[in-house]
Every structure is written in C-alpha cells, then in structure tokens.
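Quick notes on the structure that follows.
Numbering (our numbering), first residue to last: 993 to 1185.
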C-alpha cells in the first residue's frame, strides 16, 4: 500500500432509504472542499436526456431496477476523472452497488492513491424502516412494490459488494435508523472529527 497525502474521502453506502443523500449534504456543509458525486443524481440527469441510453435508463430506474452493470462505473469514473482536483475531498453516495463496481472502485482509488484515505460509511437500516421512510419522499421509484424490488436487488447484489469492501477497504457501519442528527453525530465520531 502506498502512503498518500491526499485528503480524506467519504463514500456513503447502504440500502434504499438509509439517508445517504441527506448525510452527504450534511458532510458537504462540514467539508466544503468536497466534490460530491451521487450515482442517483447522475442517473436522474442521464434519464432526462432524450438519447437512446437516457430513455432506456429512465424506464429501468422508474421500475426500481438497476441499469446496465458497467454504466454506473462509467458515469462516476468520468465524473471524478474530469472534476476532482488533487487536494479536493471526494464525497460520494449511491455506489458501489455491485461486487464488480466495488472491485473497480477499489482499483480506481488505488490508482488515484486515495484508497488508504477513503472511508466507506455503511448507513444500515431494515427493509421495514425503508418501507416507512421512502413513500414519504415521493419519487417515482418510491412505491411499496418498487421499494421491495430495490431491497431484493440490494440483498442479492449490494451485500456481496459490501463484504468485499469490509475485507479490502475501510468500512464503518453506522446505525441509520436513528434521527438524522444522531446518524450525523455517529458519522463524525466514526471519522474522529
């Protein structure tokens, strides 16, 4: 492993409705030198495009599915490669969601000499909690059937990615079923800030 003087990076992961975006916004206020990357935002932006890929992604996202396996990796690698400055923190949420994405992200962070400075923050909540939270949010993919489908995909595809991160990266689990303020407090405690 290389020793790096890069800034600390945070990648928020967790099941649907765990508050990744909310906590990312709070971290962004605390660390304004961060470059924020959200796979969800990237996909929503892409699905608004009147392109073949944009229209296909819109259909998949609205049904609660995950788009083409390598597309998320391509989008966030592009976003980071063209925007993050050398001394800027990366603050990200919504990836990795698959084992291969976790491996790609691990290799990419190593290439950027940021691996040792990256913390993966797992905001953990139950499916029951997600079913209570998400319908209140009101997005197109937040009805009960889609939430259950997203949780099923999460268990099948994302848990293996998290197991990889536990073994190869710095993963910290946070109880996401607390109040927003308490989750944020626990994040700051975990990152020793």
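Where a beta carbon is used, it is the ideal one built from N, C-alpha and C, also for glycine.
Keep in mind the model is a prediction, meaning the values are calculated, not measured.
Coil, strand or helix - residue 1135 by DSSP: coil
Residue burial classification, residue 1138 (beta-carbon count within 10 angstroms, cutoff 16): Buried, because 16 or more other Cβ atoms sit within 10 Å of the Cβ of residue 1138.
The region 1102-1119 contacting the region 1168-1177, beta-carbon criterion three pairs below 8 Å: Contact check between the region 1102-1119 and the region 1168-1177: three or more CB pairs, one atom from each, fall below 8 Å, which counts as touching.
Residue nearest to residue 1156 in terms of C-alpha spacing, selected from 1130, 1089, 1179: 1089
Beta-carbon spacing of residue 1002, residue 1081 below 9 Å: yes
Cutoff 7 Å; reference residue 1072; Cβ partners in own chain excluding five residues on either side: 1029, 1082
Candidates 1074, 1055, 1049, 1054: closest to residue 1062 by CA position: 1049
Rounded distance between the beta-carbons of residue 1161 and residue 1095, thought under 8 Å: Not a contact, Cβ separation roughly 11 Å.
The region 1014-1021 contacting the region 1033-1047, beta-carbon criterion three pairs below 8 Å: no
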